[in-house]
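Working notes, structure below.
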Amino acid sequence: MLDKVISYSFYLLFFLTPLIWSSANYELFEYNKMIVTYAFTVIIAGTWLLKIINRKSLIFNHTPLDIPLLLFLGANILSTIFSIDPHTSIWGYYSRSNGGLLSLVSYLLLYWAFVSNMDLSKIKYLFWSAFASGFLISLWAILEHFGVSFSCIILRGEFNASCWIQDVQARVFATLGQPNWLAAYLAMLIFPALYFFLTATTNLTRYTYYILLATCYLAFTFTYSRGPTLGLIAGMIIFAIALLTNFKFSIYNFQSIFNLQFSNFKKIAFVLVSFLVINLLFGSALTSFRLVSKFAAPARPSIALPATPSGTQLENGGTESGQIRFIVWKGAWDIFKHYPLFGSGLETFAYSYYQYRPVQHNLTSEWDFLYNKAHNEYLNYLATTGIAGFGTYMLAIGTFLVFCIKYYVSSIKGKKHNTHYIILTTCLLASYISYLIYNF
1 MLDKVISYSF YLLFFLTPLI WSSANYELFE YNKMIVTYAF TVIIAGTWLL KIINRKSLIF
61 NHTPLDIPLL LFLGANILST IFSIDPHTSI WGYYSRSNGG LLSLVSYLLL YWAFVSNMDL
121 SKIKYLFWSA FASGFLISLW AILEHFGVSF SCIILRGEFN ASCWIQDVQA RVFATLGQPN
181 WLAAYLAMLI FPALYFFLTA TTNLTRYTYY ILLATCYLAF TFTYSRGPTL GLIAGMIIFA
241 IALLTNFKFS IYNFQSIFNL QFSNFKKIAF VLVSFLVINL LFGSALTSFR LVSKFAAPAR
301 PSIALPATPS GTQLENGGTE SGQIRFIVWK GAWDIFKHYP LFGSGLETFA YSYYQYRPVQ
361 HNLTSEWDFL YNKAHNEYLN YLATTGIAGF GTYMLAIGTF LVFCIKYYVS SIKGKKHNTH
421 YIILTTCLLA SYISYLIYNF
């Protein structure tokens, strides 16, 4: 019974968290998702504790990430102790309650509860829960692009997308609240879905996963987010290299899986061609060509008033986002130089940035924006947790990457050569790489 409570709590966590949002608070999306996450953490950790008490023995599976994660937790505790605002460092920035020490402890509890209580047979259902949620969110986003937001139907009973101040049709965000977040989420789902597509044993399941892939990628395209797009491309490159390496070893060993590998290449080519067709029709974050615009009705002519030339970005128009990011990154680096060991404190970027904000920021179109993140996760950790937090963060990332690569190499050279596990490892690694690139 306790095992079922833990398992189904994880299934619901992966299904509900991306979908949850509420208009009852100031922050519609992230805050509400964190409340759900904390609630499931209490349920899962509490049930895990009851399971330990019931069995009268410690239930804890060790992993290669244990020491790096404990070191990272220790660095974040020290960063919180020496923070310029300990309250914010504990609870997280007020508008999201994420990224503080409390959320980190929650994530670590969920991680260790997961590896200690979930086996391979349960992980399949976990993926299905995530896919079901991702599919619904993708449909939500696709309809937003075409002018119908379920959010507006729920909030106002209006069959349109006019309830949002943002131009949600230009860049969709569905239930994630921000186009980049939606794109990063879908990019990480695409690779596991690709694994299930490649390893499907019946035509029905293969078609099902193909529809899932196409739907997720179409919604991903409608976010028009550059960072996640670059991350997805990097993940695809990693996946292609790994697949070619596996193909090489299959030929070298003259194993029967050669035919399976060739079949996988055909399936992957079919998926990539489908993605290319979507980009030809609707464009992408990196290209401006859209075939659908060639057949769209021409816009009505309008009278344009002559622009008055000016010497500042404020009067000339919006500043290019890349230029603003470089300015913010410089400010983040200056924060690190003033708080090199433990940073200014978890989640305190909104406070510390304005002490070291570059003067060039005043000349941009976002001069009055409140920046509570560095828009670069690595610089953000460097600024708010110092070399201690950043170093242990990179150690955890490096440990996971090395573990995946070692497992992959040993698998393709091993006698058993389980192709399904190799593809799964490759897809998970590609998914994680896409997230790391987006964080930059």
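For the record, in the sequence shown the residue sitting at position 333 is 333 according to UniProt numbering, with numbers rising by one throughout. For glycine and all other residues, C-beta sits at the position ideal for the given N, C-alpha and C.
Quick check: what's the CA-CA separation for residue i versus residue j?
{"i": "residue 334", "j": "residue 352", "result": "10 Å"}
{"i": "residue 43", "j": "residue 3", "result": "12 Å"}
{"i": "residue 383", "j": "residue 346", "result": "9 Å"}
{"i": "residue 343", "j": "residue 350", "result": "13 Å"}
{"i": "residue 12", "j": "residue 196", "result": "20 Å"}
{"i": "residue 371", "j": "residue 341", "result": "22 Å"}
{"i": "residue 425", "j": "residue 138", "result": "25 Å"}
{"i": "residue 429", "j": "residue 412", "result": "15 Å"}
{"i": "residue 198", "j": "residue 212", "result": "13 Å"}
{"i": "residue 332", "j": "residue 420", "result": "43 Å"}
{"i": "residue 52", "j": "residue 46", "result": "10 Å"}
{"i": "residue 86", "j": "residue 355", "result": "17 Å"}
{"i": "residue 251", "j": "residue 400", "result": "Unreliable placement is indicated for residue 251, whose pLDDT of 47 sits below 50; the coordinate value is still reported in the next sentence. Rounded to the nearest angstrom, the two C-alpha atoms are 29 Å apart."}
{"i": "residue 142", "j": "residue 155", "result": "19 Å"}
{"i": "residue 107", "j": "residue 285", "result": "31 Å"}
{"i": "residue 398", "j": "residue 70", "result": "15 Å"}
{"i": "residue 369", "j": "residue 37", "result": "29 Å"}
{"i": "residue 99", "j": "residue 227", "result": "20 Å"}
{"i": "residue 174", "j": "residue 165", "result": "14 Å"}
{"i": "residue 234", "j": "residue 188", "result": "12 Å"}
{"i": "residue 150", "j": "residue 268", "result": "33 Å"}
{"i": "residue 158", "j": "residue 168", "result": "15 Å"}
{"i": "residue 229", "j": "residue 280", "result": "15 Å"}
Reducing DSSP to helix, strand and coil, say where residue i ends up.
{"i": "residue 393", "result": "helix"}
{"i": "residue 285", "result": "coil"}
{"i": "residue 366", "result": "coil"}
{"i": "residue 343", "result": "coil"}
{"i": "residue 29", "result": "coil"}
{"i": "residue 377", "result": "helix"}
{"i": "residue 276", "result": "helix"}
{"i": "residue 153", "result": "helix"}
{"i": "residue 165", "result": "coil"}
{"i": "residue 356", "result": "coil"}
{"i": "residue 98", "result": "coil"}
{"i": "residue 424", "result": "helix"}
{"i": "residue 188", "result": "helix"}
{"i": "residue 176", "result": "coil"}
{"i": "residue 371", "result": "coil"}
{"i": "residue 264", "result": "helix"}
{"i": "residue 105", "result": "helix"}
{"i": "residue 116", "result": "helix"}
{"i": "residue 20", "result": "coil"}
{"i": "residue 398", "result": "helix"}
{"i": "residue 199", "result": "coil"}
{"i": "residue 290", "result": "coil"}
{"i": "residue 1", "result": "coil"}
{"i": "residue 129", "result": "helix"}
Exposed or buried, residue i, counting other C-beta atoms within 10 Å across all chains shown (16 or more means buried)?
{"i": "residue 202", "result": "exposed"}
{"i": "residue 406", "result": "exposed"}
{"i": "residue 299", "result": "A caution first: residue 299 carries a pLDDT of 48, below 50, which makes its placement in the model unreliable, though a value can still be read off. It counts as exposed."}
{"i": "residue 15", "result": "buried"}
{"i": "residue 291", "result": "exposed"}
{"i": "residue 433", "result": "buried"}
{"i": "residue 431", "result": "buried"}
{"i": "residue 144", "result": "buried"}
{"i": "residue 49", "result": "exposed"}
{"i": "residue 34", "result": "buried"}
{"i": "residue 18", "result": "buried"}
{"i": "residue 236", "result": "buried"}
{"i": "residue 273", "result": "exposed"}
{"i": "residue 74", "result": "exposed"}
Comparing C-alpha positions only, which one of the options sits nearest to residue i?
{"i": "residue 9", "options": "234, 60, 71 and 118", "result": "118"}
{"i": "residue 191", "options": "124, 427 and 87", "result": "427"}
{"i": "residue 277", "options": "332, 234 and 215", "result": "215"}
{"i": "residue 88", "options": "75, 162 and 103", "result": "103"}
{"i": "residue 283", "options": "326, 98, 223 and 240", "result": "223"}
{"i": "residue 436", "options": "424, 413, 403 and 393", "result": "393"}
{"i": "residue 177", "options": "46, 422, 26 and 399", "result": "26"}
{"i": "residue 408", "options": "238, 264, 355 and 281", "result": "238"}
{"i": "residue 7", "options": "116, 92 and 78", "result": "116"}
{"i": "residue 113", "options": "60, 30, 92 and 163", "result": "60"}
{"i": "residue 358", "options": "326, 376 and 220", "result": "326"}
{"i": "residue 364", "options": "19, 39, 51 and 324", "result": "324"}
{"i": "residue 147", "options": "122, 171 and 285", "result": "171"}
{"i": "residue 378", "options": "403, 395, 440 and 336", "result": "440"}
{"i": "residue 84", "options": "403, 182 and 386", "result": "386"}
Under 6 Å: does the beta carbon of residue i sit that close to some heavy atom of the ligand SAM?
{"i": "residue 115", "result": "Annotation note on the ligand SAM: not contained in the displayed structure, which lists no ligands."}
Consider the Cβ of residue i: report whether some Cβ of chain D lies at a distance smaller than 7 Å.
{"i": "residue 64", "result": "Although the question refers to chain D, the structure presented lacks it and comprises just one protein chain."}
Next item on the list: Report the residue ranges of all alpha helix (DSSP H) runs contained in full by the region 44-83; include only those spanning at least 4 residues, in chain order.
Entry: Residue ranges of uninterrupted alpha helix (DSSP H) with 4 or more members, entirely inside the region 44-83 and ordered along the chain, are 66-81.
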